[in-house]
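If you read the sequence shown in my numbering, its first letter stands for residue 3, the second for the next number, and so on. C-beta atoms are modelled at their ideal positions from N, C-alpha and C, and glycine is treated no differently. This structure is a prediction, so every number in the text was calculated from the model and none was measured.
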Amino acid sequence: MSGNGRKVTVYVRTRPTAKFAQEFIEYLPDGQTVVLRQKKDCRRGVVNNQLCSWSFHVDGVLHHAPQEEVYNRVARPVVLAALEGYNGTIMCFGQTGAGKTYTMTGATESYKQRGIIPRALKEVFAEIKRRHESTITVRLSFLEIYNETLVDLLQPGHGAMTVVEEPGGGVCVKGLSLHPVHNEEDALNLLFEGEMSRIVGDHALNRNSSRSHCIFSIYTESRSETSSDAKYVSSKVNLVDLAGSERSEGQVLKETVYINKSLSFLEQTILALTDRRREHVPYRQSKLTHALKDSLGGNCNMVLVANIYGEAAQIEETVSTLRFASRMKRVQIDPSVNEHIDPVLHVKKLEKEIQLLKQELYLQDIVANRTGMSYDRLSEIQVAEIRWQVKKYLEGNLADISIGSVRQIQEVFAQFKLAMQEQERKVRAELSVNTTVEEKTEPTAEPGGMKEGIGEVKGQGFGLELAGSNEKHVVHRTKKAKENQAGRVKQAEPALTQKEDPLLTSEGDTEGHKPENNRQEPQGLSSTSLTEQNRPDSPPSKEEAFEDFKLELGLEINCILKENKAVLIECRTKLKMLTDGVNAVKREIDSTTSMLQKSREHRQSRGEFLSEGEPVVEEAELALLLQLRELRTRYRHEYEELCRTRAEVNYCQNLVDQCRIRLLTDFEIWYNESFLLPEKVQVILKSGGSIRPGLVPVKEALALEEDEQNQYPQLHYEQAAGSFSAIAFYNANRKLHRRSSNRVVSQTRSFRKHSRGPGIKLPES
3 MSGNGRKVTV
13 YVRTRPTAKF
23 AQEFIEYLPD
33 GQTVVLRQKK
43 DCRRGVVNNQ
53 LCSWSFHVDG
63 VLHHAPQEEV
73 YNRVARPVVL
83 AALEGYNGTI
93 MCFGQTGAGK
103 TYTMTGATES
113 YKQRGIIPRA
123 LKEVFAEIKR
133 RHESTITVRL
143 SFLEIYNETL
153 VDLLQPGHGA
163 MTVVEEPGGG
173 VCVKGLSLHP
183 VHNEEDALNL
193 LFEGEMSRIV
203 GDHALNRNSS
213 RSHCIFSIYT
223 ESRSETSSDA
233 KYVSSKVNLV
243 DLAGSERSEG
253 QVLKETVYIN
263 KSLSFLEQTI
273 LALTDRRREH
283 VPYRQSKLTH
293 ALKDSLGGNC
303 NMVLVANIYG
313 EAAQIEETVS
323 TLRFASRMKR
333 VQIDPSVNEH
343 IDPVLHVKKL
353 EKEIQLLKQE
363 LYLQDIVANR
373 TGMSYDRLSE
383 IQVAEIRWQV
393 KKYLEGNLAD
403 ISIGSVRQIQ
413 EVFAQFKLAM
423 QEQERKVRAE
433 LSVNTTVEEK
443 TEPTAEPGGM
453 KEGIGEVKGQ
463 GFGLELAGSN
473 EKHVVHRTKK
483 AKENQAGRVK
493 QAEPALTQKE
503 DPLLTSEGDT
513 EGHKPENNRQ
523 EPQGLSSTSL
533 TEQNRPDSPP
543 SKEEAFEDFK
553 LELGLEINCI
563 LKENKAVLIE
573 CRTKLKMLTD
583 GVNAVKREID
593 STTSMLQKSR
603 EHRQSRGEFL
613 SEGEPVVEEA
623 ELALLLQLRE
633 LRTRYRHEYE
643 ELCRTRAEVN
653 YCQNLVDQCR
663 IRLLTDFEIW
673 YNESFLLPEK
683 VQVILKSGGS
693 IRPGLVPVKE
703 ALALEEDEQN
713 QYPQLHYEQA
723 AGSFSAIAFY
733 NANRKLHRRS
743 SNRVVSQTRS
753 FRKHSRGPGI
763 KLPES
């Protein structure tokens, strides 16, 4: 499948129909030529230049071909080449109802009707089992393009995704999830799960017509286990199921517009690739062409399956499909192996090569009678020796410097550089001292007999400042306050940390103190737990059992609940103080505003004094204005602190409620498993020795008894499929139907929930 100067491989597949138009569609015996004919339209008049005959040459015709033959001819070479490191793309193109989805995915009802994707997954994992000398990892992704919107079918609602360019010229979808799989059944589960999320609609030619383009990608990475080479190969196989080109009206008109628009852009991209004079290829016109940039005429083995509907009424769409196939066949591809180098293994390989080169150097030195040569890093003694020689050489006391290796040459140059930098610093220091001496003035005497000079300490000048006694006390008090505050935060930190973990929240008693000294770890529980004692004839009351549960298995959760309650009480106390303070400030603001209003009314009643056209404010009124401004600023700050504290109270209250719910839930599970389980289930739990009551949910524990009566339906699968290899397919199919049933039940319950109103009562299922 690899080679230079190749072109896209094109196959034509006909949908089976009882009304096959033999007079209009003819397959020549060579198996590679399709001839189409069409009657002339007599309404065009005497001069009628209408083209009525076409001949298309393709790589193969799949007429009435079963699914296995389609896979062997179309997809198997691409899949096998992908395991060797070649990228691949298989694309199905054609009108609506021509069998694209059936070719790509097939039917899940029958094992023999599987499409290309399930068979490719089976081929990949079968090859992995055969290739014992390699470690091959497989990852999957499933992308849908609906109305020019990218959707991750394996994680619906995951978020916005965009197509981004990669440095090597390829593209990737940013935000698309990649799922590692280890066997065929897991891969088929992901495929069927994505197929359930696809957009389908009713059409005249197909009851479940695909309304979107889908790209199912298989990523492989192969590393050799027998070779220590750092190289490994990777590949990507895109299995593309395009939506059908059509003419529609009504509700599906918008979908049809987007589908036909993207297919038109795809055809424009193909025309640009076939025209060698074109320098620009419009990949970014649509999401489909942008996502397939590295598949259309790139480093990829590409195969196109043109699906046609062989009836006379669909002859125009058949001609359009085969025209697109003929254009695609002219696209040049240049597949090559995607080879990479593992950096970790590459470093180890280089280290080993360095060691071999050193050994070869030692051997050469012995042959040349050069003993004592070292090619390792220089020791401290050798560096000191070179430094001494450089110093003597610069002083003129040494004529030559002995050099025996490249490392010594590098060290000599480094010592020369250090000597030059040191000499430069000395020169700058001498120039600085000379300048300071010239600009220095006579020192003036201080009143206390102290003189201010360079480097001397002045009481409040530059240099070392000495704080007074009052300043020392202020610093000491500030430091002590910070330590007290930090200690308080540290004491509250364990409770807040425990609250942030939703797995540790539960319910306990209503005391508000912190049980710091009585707290114990779960490993230290007493061996006299109710679950390990002899089972009583009648179960104890829940009140007594709840008190015992809080002292043993629920001790940790109960302690966390008490800590959270203590923090909640503290926050509520702070909230009350802040509320009282805000109310007090509000009352002061109202009182000050009232006094200011009275002062203004009194001043206006006596008459106002004007200064340069502006009224003169009295001193008392000015004081009230300043006081009002200060009160408003204070109110704003305290109100903001009140809002923050209120949010903290709500958060702590929520955590306390979660703690209560968790504690009650754990107690109910422990009580049911310890006292209410049947004796048969108790025997099953205690038979292994490592599972005891309180660790297994009640539903799962009761299911242990039922599992002994159920048998694995392997024989049924073998009889239904006729092969042991079909077990993975039927397992995935069974899980698909189970998910579909669960989805229908959940939708029914949601409908009942939202449909209930006054006077309406729906029966429960």
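Quick one: using the 10 Å Cβ neighbour count with 16 as the cut-off for buried, is residue i buried or exposed?
| i | result |
| --- | --- |
| A401 | exposed |
| D188 | buried |
| S143 | buried |
| N436 | exposed |
| Q69 | buried |
| T91 | buried |
| T164 | exposed |
| G398 | exposed |
| M93 | buried |
| L294 | buried |
First and last residue of the beta strand (DSSP E) that includes residue i?
| i | result |
| --- | --- |
| N240 | K233 to D243 |
| E146 | S136 to Y148 |
| L85 | Segment: none, L85 is in no beta strand (DSSP E) and carries neither H nor E. |
| T35 | T35 to R39 |
| S55 | S55 to H59 |
| L268 | Per DSSP, L268 belongs to no beta strand (DSSP E); it is in the alpha helix (DSSP H), L255 to T276. |
| L324 | Premise fails: L324 lies in the alpha helix (DSSP H), I317 to K331, not in any beta strand (DSSP E). |
| T105 | It is not in any beta strand (DSSP E) - T105 instead sits in the alpha helix (DSSP H) that spans K102 to M106. |
Quick one: what does DSSP say residue i is sitting in, helix, strand or coil?
| i | result |
| --- | --- |
| I405 | coil |
| K453 | Annotation note: pLDDT 39 at K453 (below 50); position unreliable, no value reported. |
| F548 | helix |
| E28 | strand |
| P182 | strand |
| T164 | strand |
| N371 | coil |
| N340 | coil |
| H66 | coil |
| K176 | strand |
| H215 | strand |
| T115 | Checking the sequence shown, residue 115 turns out to be Gln, not Thr. In the structure shown, Q115 sits in coil (DSSP, three-state: anything other than H, G, I, E or B). |
| E227 | coil |
| D296 | coil |
| L306 | strand |
| Q425 | helix |
| G96 | strand |
| L156 | coil |
| R280 | coil |
| R379 | coil |
How many angstroms separate the CA atom of residue i from the CA atom of residue j?
| i | j | result |
| --- | --- | --- |
| N303 | S236 | 14 Å |
| T667 | V183 | 36 Å |
| F418 | P337 | 55 Å |
| S136 | E223 | 10 Å |
| L433 | A416 | 26 Å |
| E590 | R636 | 11 Å |
| Q629 | E640 | 16 Å |
| G246 | R116 | 21 Å |
| Q660 | V81 | 52 Å |
| N656 | E650 | 10 Å |
| L644 | R638 | 10 Å |
| S540 | A547 | 12 Å |
| T228 | S112 | 40 Å |
| V321 | G99 | 16 Å |
| I130 | Y221 | 13 Å |
| L290 | L298 | 11 Å |
How would you write the range of the alpha helix (DSSP H) that residue i sits in, first residue to last?
| i | result |
| --- | --- |
| G300 | Premise fails: G300 is in no alpha helix (DSSP H) and is neither H nor E. |
| Y13 | Looking at the DSSP string, Y13 is not in any alpha helix (DSSP H); the run it does join, the beta strand (DSSP E), is T11 to R17. |
| H604 | L557 to R608 |
| F127 | I118 to R132 |
| E387 | E382 to E397 |
| L665 | E621 to F677 |
Cβ pair count under 8 Å reaching 3, the region 52 to 62 against the region 212 to 220 = no
Is the region 33 to 43 touching the region 329 to 336, taking contact as three or more C-beta pairs under 8 Å?
-> no
For the 8 Å Cβ check, are there 3 or more pairs between the region 6 to 20 and the region 306 to 319?
-> yes
Is the region 260 to 278 touching the region 102 to 112 in the sense that three or more CB pairs, one from each, lie closer than 8 Å?
-> no
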